[in-house]
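**Q** Handing you this structure, nothing more for now.
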Amino acid sequence: MIFDTHAHYSDSSFDIDRHSLLMSMEENGIGNIVEVGAGINSTKNAISLSEKYNFIYAAVGIHPQETEGIKETDMEWLKSLALKEKTVAIGETGLDYHRDSADRQIQKKWFMRQLEIARETGLPVIIHSRDAAEDTLNIIKKFYKANPEGAYGVVHCFSYSTEIAKIYINLGFYLGIGGVITFKNGRKLAEVVSATPINRLVLETDAPYLTPEPYRNDRNSSLYLKYVIEKIAEIKGISCKEVIDITEKNAKKLYRL
Ligand code: NI
-6 MIFDTHAHYS DSSFDIDRHS LLMSMEENGI GNIVEVGAGI NSTKNAISLS EKYNFIYAAV
54 GIHPQETEGI KETDMEWLKS LALKEKTVAI GETGLDYHRD SADRQIQKKW FMRQLEIARE
114 TGLPVIIHSR DAAEDTLNII KKFYKANPEG AYGVVHCFSY STEIAKIYIN LGFYLGIGGV
174 ITFKNGRKLA EVVSATPINR LVLETDAPYL TPEPYRNDRN SSLYLKYVIE KIAEIKGISC
234 KEVIDITEKN AKKLYRL
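The sequence shown begins at -6 in our numbering and counts up one residue at a time.
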């Protein structure tokens, strides 16, 4: 079944129909979902959703744009949540220089601290990296020894070049592929998918964001992953079923399920 490795169903845009939508996942071929924390509140909500629905797992973390005002006690709290049975990753964490709403030094500090927690707890990491390719890689290389067979984490919504993709694959990371692959300006990502072995790709929505074409302006959900799957199947020259099966296997290896 389809494995959505990255979603935000605690977002208020799902308040009107969250339960009925989530209850419709199984009949639509969605097997598992990882609800990703991106701050204090969304991390709390990720834990709650994972406790309420057996097919939902939680990731706990502080998004780079949410790092201002974060304290070490918040990190101790994250670490305590990391020990919960249904917590499968630390993140999303990383660096985001796109809008510069958070100080870069502060972003780096809490990114590195969350990588320490991942190391201490043995969990994989969900990396958010936007317009910060070099700094992100330099930090990652300090924490992980290259191991192409590794499952250290996933670069969520991968947005960099094929060259950088190769470096991450070599280090032991997966690439998260979502709606952007269907966009008219998604050619760069299509090249990355073409050049990356299928056993290093995982599916993600980032719901409610990044809805695939032809529904780009709608609220995203895991139900739209079929358009991402069709595109990957086309690029790789394999069937949709193969894309679903292989990426599910990859996601389970990534999250140790
Ligand atoms: Ni996200």
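Beta carbons are placed, not taken as given, at the ideal position from N, Cα and C, and that holds for glycine.
Contact defined as beta carbons within less than 8 angstroms: I believe Leu168 pairs with Ala158. What is the distance between those atoms, to the nearest angstrom?
**A** 6 angstroms
**Q** Does Thr36 pass the burial test, meaning 16 or more other C-beta atoms within 10 Å, or should it be called exposed?
**A** buried
**Q** Count the other CB atoms, across all protein chains shown, that sit within 10 Å of the CB of Asp8; report buried if there are 16 or more and exposed otherwise.
**A** exposed
**Q** Should Val29 be counted as a contact of the ligand NI given a C-beta to heavy atom distance under 7 angstroms?
**A** yes
**Q** Report the residue from Asp67, Ile55 and Glu61 whose alpha carbon sits nearest the alpha carbon of Gly84.
**A** Ile55
**Q** With hydrogens ignored, establish whether the beta-carbon of Glu85 is closer than 7 angstroms to any heavy atom of the ligand NI.
**A** Correct: Glu85 has its Cβ closer than 7 angstroms to the ligand NI.
**Q** Can you have a look at Asn243 and say buried or exposed, based on whether 16 or more other CB atoms are within 10 angstroms of its CB?
**A** buried
**Q** DSSP state of Ile63, grouped into three classes?
**A** coil
**Q** Please say whether Thr198 and Gly179 have beta carbons closer to each other than 8 angstroms?
**A** no
**Q** Would you report the Cα separation of Phe(-4) and Arg92, rounded to the nearest angstrom?
**A** Distance between the alpha carbons of Phe(-4) and Arg92 is about 30 angstroms.
**Q** Using only the heavy atoms of the ligand NI, determine whether one of them is closer than 7 angstroms to the beta carbon of His91.
**A** Not under cutoff, so the answer is no.
**Q** Just to confirm the assignment, what range does the alpha helix (DSSP H) spanning Leu216 have?
**A** That residue, Leu216, is in no alpha helix (DSSP H); it is neither H nor E in DSSP.
**Q** Going by the CB atoms, is the gap between Gly24 and Phe48 shorter than 8 angstroms?
**A** yes
**Q** Helix, strand or coil for Tyr50 per DSSP?
**A** strand
**Q** I want to check one thing, is the minimum distance from the CB of Asp199 to the heavy atoms of the ligand NI below 7 angstroms?
**A** yes
**Q** Could you compute how far the alpha carbon of Glu59 sits from the alpha carbon of Ala95?
**A** 7 angstroms
**Q** Could you check the C-alpha separation between Lys79 and Lys245 for me, to the nearest Å?
**A** 13 angstroms
**Q** Using 7 angstroms as the cut-off, classify the Cβ of His1 as near or not near the heavy atoms of the ligand NI, replying yes or no.
**A** Relative to the ligand NI, His1 has its C-beta within less than 7 angstroms of a heavy atom.
**Q** Is it the case that the Cβ atoms of Leu196 and Thr240 are separated by a distance below 8 angstroms?
**A** The answer is yes: Cβ separation under 8 angstroms.
**Q** Less than 8 angstroms separating the beta-carbons of Thr108 and Ala139?
**A** Here the sequence assigns Leu to residue 108, which means Thr is not the residue at that position. For Leu108 and Ala139, no; Cβs fall outside 8 angstroms.
**Q** Suppose contacts are defined by Cβ-Cβ distances below 8 angstroms. Is Glu61 in contact with Ile99 by that definition?
**A** yes
**Q** Thr80 bridges to which residues according to DSSP?
**A** For Thr80, which the question treats as bridged, DSSP gives the partners Ala51.
**Q** How long is the line joining the alpha carbons of Tyr202 and Val27, rounded to whole angstroms?
**A** 15 angstroms
**Q** What separation, rounded to the nearest whole angstrom, lies between the Cα atoms of Arg112 and Lys234?
**A** 34 angstroms
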